[in-house]
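For the sequence shown, the UniProt record's numbering assigns the number 1 to the initial residue and increments by one for each residue that follows. Idealized CB from N, CA, C, for every residue including glycine. Following: one structure in structure tokens, then a few remarks.
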Amino acid sequence: MSSSSRTNDETSTSSTAKPILQPLPSLSSPQIQSHSTFLLDMWGVLHDGSQPYEGVLDAIEMLKKEGKTLVILSNSIGFNPTDFDNIITSGDVSHSLLQNQATSLGCSNWDMLSNIIKNNKEQRKVFVFGSGDNDESYCNSAGWELSPIEEADLIVARGTFTINDGSTVISKKEEEEKYWKVMESALIKAAERKVPMLVCNPDKVRPDAGLPPMPGAIGDTYERFLWTTHCAPLGDMDELGARTYVKRVGKPFQEVYDIALQSCEEDVSSAIMIGDALETDVTGGNRVGCTTLWVIRDGIHGKDVEEKGAEGVVNEFNANSDFTYAYGEKVFPEYVVDFFRW
């Protein structure tokens, strides 16, 4: 059930406002099989970062036998692409944005970035919070040169493992204390200059032990730096104004859903979003109007579900949704399943 179909009373945080979650035994349930297009999250649903979860490969095989269109819609990568009809990653869409080619994919461009590209045709400078994996080639191939934060036209946040200014690479694994100091200093300097940031992966934590931070957390931190630097009484920026300087590409934001559905020429009414994260997968599915299936035992909420139950986790999320990508909206998955299994 989408949030738009609920009344204000139903979405309050009182004891009578618990969302109605419909548990299903497996993917073979008729409610799931009534959909023709499956938008699939990867990490926390299909695999744990290193290997597939139990039963996943069999489930994928059965879905393909049933003639379902399988589209990976992920803020990361890590699965055999031949198993799916299409793979849409936030990194690929971000790369197109960096080249000012997003309109060719059917999604809206970012005016702030478009203006930088238009006004700096010869030399575009970028400061990178990276993954340590091809950060320089990723930016260079899109027409950007890595540079110190003092000279950067743009910040790209595509990972939380390295900081790269074109001449020095700082690794969090090897120099963790220095990494955090340099990050804070860079964000302060960038906020003073109002340097825009492109977040290539909106995820805030990984579903690993300890829930380590992801690029989405950098974006949130930078928004706070922008706002506190330029808010009243000395400035005129509010929280919404700060948000315009941080472009997030990936779930739960509209562009990737549009691209995914256009890629298979399907309407949103035929699609089901299957994911483990309320903030990205379920929020995004609710927002675009497709059915959502929440996988609760594997993935990011698994431990909390064990302690509080599925409804308890949803209610707690909605009580604090002002501080999430839901931006105050109440989100509810239509269906709940323990694991991605047939």
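Residue i versus residue j - alpha carbon distance
i, j, result
"THR13", "ASN315", "For THR13, the predicted model reports a pLDDT of 36, less than 50, meaning its position is unreliable; a value from the coordinates is still stated below. So the alpha carbons of these two residues sit roughly 7 Å apart."
"ALA152", "GLU239", "23 Å"
"ALA157", "ILE149", "13 Å"
"VAL336", "GLN22", "6 Å"
"ARG124", "ILE32", "47 Å"
"GLY241", "VAL169", "31 Å"
"ARG224", "GLU184", "12 Å"
"ALA310", "LEU234", "45 Å"
"GLY143", "GLU54", "42 Å"
"ILE296", "VAL313", "10 Å"
"ILE72", "ILE87", "5 Å"
"residue 384", "LEU226", "Residue 384 is absent from the structure shown; the chain starts at 1 and stops at 342."
"TYR222", "GLU266", "36 Å"
"LYS118", "LEU154", "13 Å"
"THR16", "LEU261", "With a pLDDT of only 41 at THR16, under 50, the local geometry of the prediction cannot be trusted, and the value read off the model is given with reservation. Approximately 36 Å, taken between the alpha carbons."
"HIS95", "LYS65", "34 Å"
"GLU307", "ASN120", "53 Å"
"ILE272", "SER34", "9 Å"
"ILE188", "THR228", "10 Å"
"LYS194", "PHE38", "39 Å"
Contacting residues, own chain, Cβ-Cβ under 8 Å from residue i (five flanking each side not counted)
i, result
"MET112", "PRO196, THR244, TYR245, LYS247"
"SER28", "MET62, TRP342"
"TYR327", "SER321"
"LEU97", "ASN109, TRP110, LEU113, LEU198, LYS247, VAL249"
"PRO25", "VAL337"
"PRO215", "PHE129, ALA157, ARG158, GLY159, THR160, VAL199, CYS200, ASN201, PRO202, ASP203"
Burial state of residue i, where buried means 16 or more other Cβ atoms lie within 10 Å
i, result
"ASN134", "exposed"
"LYS303", "exposed"
"ASP298", "buried"
"GLY44", "buried"
"LYS178", "exposed"
"ASP58", "exposed"
"ASN140", "exposed"
"GLY90", "Note on residue identity: the sequence assigns Ser, not Gly, to residue 90. SER90 is buried by the Cβ-count criterion."
"ALA190", "buried"
"THR291", "buried"
"residue 414", "Since the displayed the chain opens at 1 and closes at 342, residue 414 lies outside it and no answer follows."
"ALA232", "exposed"
"ILE116", "buried"
"SER167", "exposed"
"LYS68", "buried"
"ILE20", "exposed"
Residue range of the unbroken alpha helix (DSSP H) whose run includes residue i
i, result
"ALA157", "Premise fails: ALA157 lies in the beta strand (DSSP E), 154-157, not in any alpha helix (DSSP H)."
"ILE218", "215-230"
"ASN119", "111-119"
"LYS65", "56-65"
"LYS308", "302-319"
"ILE32", "30-33"
"TYR138", "135-140"
"TYR257", "254-263"
"ARG287", "283-288"
Residue range of the unbroken beta strand (DSSP E) whose run includes residue i
i, result
"MET197", "197-199"
"ALA242", "Counting along the chain, ALA242 falls outside any beta strand (DSSP E), though it belongs to the alpha helix (DSSP H) covering 239-243."
"GLY130", "124-130"
"TRP180", "No beta strand (DSSP E) holds TRP180; the alpha helix (DSSP H) holding it covers 176-193."
"ASN86", "86-89"
"GLY275", "271-275"
"ILE149", "Looking at the DSSP string, ILE149 is not in any beta strand (DSSP E), and its letter there is neither H nor E."
"ASN37", "First, the residue type needs correcting, since residue 37 is Thr and not Asn in the sequence shown. Its beta strand (DSSP E) spans residues 37-40."
"ASN164", "162-164"
"LEU46", "That residue, LEU46, is in no beta strand (DSSP E); it is neither H nor E in DSSP."
"GLN22", "22-24"
"ARG248", "246-248"
"LEU234", "Here LEU234 belongs to no beta strand (DSSP E), and DSSP marks it neither H nor E."
"THR69", "69-74"
"THR292", "291-295"
C-beta contact flag for residue i and residue j at 9 Å
i, j, result
"SER131", "PHE161", "yes"
"ILE274", "PHE340", "yes"
"ASP48", "SER74", "no"
"VAL249", "VAL268", "no"
"ASP322", "ILE300", "no"
"LEU46", "VAL56", "yes"
"ILE218", "PHE317", "no"
"residue 369", "SER270", "Limits of the chain in this structure are 1 at one end and 342 at the other, which puts residue 369 out of reach."
"VAL256", "VAL93", "yes"
"LYS172", "TRP180", "yes"
Nonlocal neighbours in the same chain, by C-beta distance under 6 Å from residue i, ignoring five residues either side
i, result
"SER230", "Residue 230 is actually His in this sequence, not Ser. So the qualifying residues of the chain are MET237."
"TRP294", "VAL282, PRO333, VAL336"
"TYR325", "PRO252, GLU279, THR283"
"ILE60", "ASP83"
Own chain partners of residue i with C-beta closer than 7 Å, once the 5 adjacent residues on each side are dropped
i, result
"ASP165", "PHE127, LEU146, SER147, PRO148, ILE149"
"residue 343", "It is not possible to answer for residue 343, since the shown part of the chain is limited to 1 through 342."
Residue i beta carbon near the ligand SAM (any heavy atom closer than 8 Å)
i, result
"VAL249", "Only the bare structure without any ligand can be found here, which leaves the ligand SAM out of the picture."
Residue i at chain D interface by Cβ criterion, 9 Å
i, result
"LEU278", "Included in the structure is just one protein chain, with no chain D present."
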